[in-house]
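Notes follow the structure.
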Amino acid sequence: MGRDVAAVPGSVFSPNSAGTHKLIRSGSAELISSPADVEQLLGVAPEGQLPIAAAADPRQYPTDGLPSEAALVFDVLSFRNQLSVDEVCARSGLTVIETLKALALLAERRLAAEHELGWKLQRIESK
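Just so we're aligned, residue 2 is where the sequence shown starts under the working numbering, counting upward by one.
Structural data, given as structure tokens:
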């Protein structure tokens, strides 16, 4: 199609990152690791202009400040598929206790919820 494709790598522990990593590995997508990479790919921000990162408002993400175990569990979960606690343990490498604590914290922050067949991420409502 003649389009530029770019990809931002994700966690190596997250199955959601597999497609992105495959595109980067095969050379089908340009690796984006900073705003400067986007500027270069798009050919924007000539000398003298502020780079994209300096012009953008700093944003907070719901996962900011999560303990490493909770961040790892967040990366393992998806919005579509429900995972049992055992599946989350197997994919994250955490113990059952660590996984349950992480899931409780994610539920408290409304980032994940337990459903009939297991746990999955929750969509965050914008204000």
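Using N, Cα and C, we set each Cβ at its ideal position, and we do this for glycine too.
In the three-state reduction of the DSSP assignment, Ala8 falls in the strand class, which pools E and B. In the structure shown, Gly44 adopts coil according to DSSP, grouped into three states.
Per DSSP, reduced to three states, the secondary structure at Glu117 is coil, with no helix or strand assignment.
Per the Cβ contact rule, the region 81-96 is not in contact with the region 18-25 (fewer than 3 Cβ pairs under 8 angstroms).
Apart from sequence neighbours up to five positions away, the residues of its chain that approach Arg92 with a beta-carbon distance below 8 angstroms are Phe14, Pro16, Val77 and Leu84, ordered along the chain. Going by beta carbons, Leu95 and Ala108 fall outside the 8 angstroms limit. In the DSSP assignment, the residues bridged to Leu32 are Ala8. Contact between Ala71 and Leu43 fails: their C-beta atoms lie close to 35 angstroms from each other, not under 8 angstroms.
Between the alpha carbons of Val39 and Pro10 lies a gap of roughly 14 angstroms. Considering only Gly66, Leu73 and Gln123, the residue with the shortest C-alpha distance to Leu101 is Leu73. Boundaries of the alpha helix (DSSP H) around Ile98: Val97 to Glu109.
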